[in-house]
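In this note's numbering, the protein residues as written are 477 to 1032.
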């Protein structure tokens, strides 16, 4: 089979204006970036305010493994399948980060014959949103350091600055740095560091904002540090809000592209789900809901991270009501959860499949806790046997959940027609009783414990002394009545990435708690989760190139 980039380059794209015309977007509401990409004005939402919303479908997955799950691929394939059966559908995805693209994960444009295009542009610089977020974040860092250098009128405590700098690349050497070295005119010496751009609070704010005014209000609330009296210092205090909003004036507008089969796609925002809230922008989702019959969106990594945050943070904050959930799994990944090493996954192993199914079953139970109907989509591999498929169907049927095979990687939208019919059936015959899992008015400890025990199945939560001190300070400052954004390994329900399947009886350790007051959530860091990833021993970048004809090699 051809590579992803070869398939993408052979796709017969139509001009983006045709996609916009199909959706009913007016010419003055479209800002083209070449022939096949465009920004869509937020004015669309005002114009269509009275139009009923489409059905909202969340695509999530089991915990990721090296065997692969294909969540984004299934998302794209389902959106194309829904269009094939006559439902006007838009897919709404996140933008890829350059760090994983050049690291180990690769791009995030789907795969095979279920991709969004132009794949090369989407996986690289796209429309410059990440550059704008990086610039706005680092502008605030520069204003902050300059304020202290120029006399420190806000009495900021240099030892309590929490605003780092960011870069959209995996670079472990920048996790901890000393800045201000040199002479008196080079600033003051202090320890700092870099996060990856997708971990920036500005990324979360861009994705949760509902207007430019809302964006500016959220930017102003961001806490950058504390003064010597222990009071929070914000971006608004530093008078940096306007300049940051100026840098983000285009980035706030959703990006419109298309799939290989010309299904409309909004790709906007890119927070990771293991260190941020893992969902595409509210603006892209809301505009899509006004322009279609069905919107298929996704949330990063497994349902314990992305889906939990989609339900508890994004839907709560944006007043969205999801109608159905598609939980993606592969038989290969389930066998790996059952103890089979990666090099033996091609062999039939019913015992391992049954053992690994506990991971899928727990995710299903968790989705049902939010009151949203679900269907299991098996991203089919050629090595899957009939006996394995039947076992999976039988086990899920015993839980009252149907299993549908999806062959979108090799067949595109045609490979998702059965899944599309099932999603429509759920939306037309079942009622979603969506509700968040916890009340934001609870204490920080109570909310974290609820997630840890109800979603992860931890026996208890241990807070380090540093985390307890931070929780106390946030409560004193009145910054504790917000949802929780857990920063946790994506590979396990626990904070130990080696505990596969459905572990129980473990202790979840919260080592640090910090507020993202502008985004409107509290981040709880667990285990050894990093906000600046590193590159693997052999980065994907080592196999990438471009030839004299402009053909891109090795991008996936």
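For glycine and all other residues, C-beta sits at the position ideal for the given N, C-alpha and C. Since the structure is predicted, the reported quantities are computational estimates derived from the model, not experimental observations.
Tell me, please, which residues DSSP counts as bridged to residue i.
i, result
"residue 854", "805, 881"
"residue 997", "992"
"residue 512", "Answer is none; residue 512 lacks a bridge partner."
"residue 740", "734"
"residue 1021", "1029"
"residue 920", "Paired residue(s): none; residue 920 is not in a bridge."
"residue 666", "655"
"residue 984", "937"
"residue 566", "771"
"residue 943", "None, per the DSSP bridge assignment."
"residue 632", "703"
Once you ignore the five residues that flank residue i on each side, which residues in its own chain have a CB closer than 6 Å to its CB?
i, result
"residue 480", "587, 1032"
"residue 499", "740, 767"
"residue 935", "981"
"residue 914", "923, 926"
"residue 530", "765, 768, 769, 770, 771"
"residue 652", "669"
"residue 947", "920, 989"
"residue 637", "701"
For residue i and residue j, which I take to be in contact (beta-carbon distance under 8 Å), what is that distance rounded to the nearest angstrom?
i, j, result
"residue 984", "residue 968", "Wrong, their Cβ atoms sit about 11 Å apart, outside the cutoff."
"residue 537", "residue 779", "7 Å"
"residue 953", "residue 708", "6 Å"
"residue 494", "residue 743", "About 18 Å separates the two Cβ atoms, so there is no contact after all."
"residue 867", "residue 879", "Actually they are not in contact, since the Cβ atoms of residue 867 and residue 879 sit about 10 Å apart, beyond 8 Å."
"residue 703", "residue 630", "6 Å"
"residue 835", "residue 855", "At roughly 15 Å, the Cβ-Cβ gap does not stay under 8 Å, so residue 835 and residue 855 are not in contact."
"residue 786", "residue 775", "4 Å"
"residue 727", "residue 633", "So it is not a contact: roughly 32 Å between Cβ atoms."
"residue 569", "residue 798", "Not quite, the Cβ-Cβ distance comes to about 16 Å (not below 8 Å), so this is no contact."
"residue 910", "residue 996", "Between residue 996 and residue 910 the Cβ distance is about 19 Å, and since that is not below 8 Å, they are no contact."
"residue 517", "residue 526", "So it is not a contact: roughly 18 Å between Cβ atoms."
The beta strand (DSSP E) that contains residue i, what's its start and end?
i, result
"residue 962", "960-963"
"residue 931", "First-last for residue 931: undefined, no H or E at that position."
"residue 701", "699-703"
"residue 591", "590-593"
"residue 653", "653-655"
"residue 937", "936-939"
"residue 708", "708-710"
"residue 643", "641-643"
"residue 763", "It is not in any beta strand (DSSP E) - residue 763 instead sits in the alpha helix (DSSP H) that spans 758-767."
"residue 670", "670-672"
"residue 780", "Neither: residue 780 is in no beta strand (DSSP E) and is coded neither H nor E."
"residue 818", "Where residue 818 is concerned, there is no enclosing beta strand (DSSP E), given that its DSSP letter is neither H nor E."
Identify the continuous alpha helix (DSSP H) that holds residue i and give its terminal residues.
i, result
"residue 843", "826-845"
"residue 485", "480-485"
"residue 455", "Nothing in the structure corresponds to residue 455, since the chain is present only between 477 and 1032."
"residue 896", "893-905"
"residue 864", "862-874"
"residue 793", "791-794"
"residue 773", "Taken as a continuous stretch (DSSP letters only), residue 773 belongs to no alpha helix (DSSP H), being part of the beta strand (DSSP E) at 770-774."
Under 7 Å Cβ to Cβ from residue i, same chain only, skipping five residues before and after it: list those, please.
i, result
"residue 943", "986, 987, 988, 989"
"residue 1011", "579, 646"
"residue 674", "573, 746, 747, 748, 752"
"residue 825", "811, 816"
"residue 510", "none"
"residue 873", "none"
"residue 903", "531, 799, 800"
"residue 553", "590, 882, 884, 888, 889, 891, 892"
Leaving aside the five residues before and after residue i along the sequence, list all residues of the same chain whose C-beta is less than 8 Å from its C-beta, in chain order.
i, result
"residue 955", "699, 708, 991, 993, 998"
"residue 717", "692, 695, 696, 711"
"residue 938", "983, 984, 985, 986"
"residue 513", "492, 594, 597, 602, 603, 731, 732, 733"
Going along the chain, which unbroken runs of the beta strand (DSSP E) with 3 or more residues stay wholly within the segment 569-622?
Whole beta strand (DSSP E) segments, 3+ residues: 590-593.
Go through the segment 495-559 residue by residue and report every complete run of the beta strand (DSSP E) that reaches 3 residues or more, in order.
506-508, 514-516, 531-537
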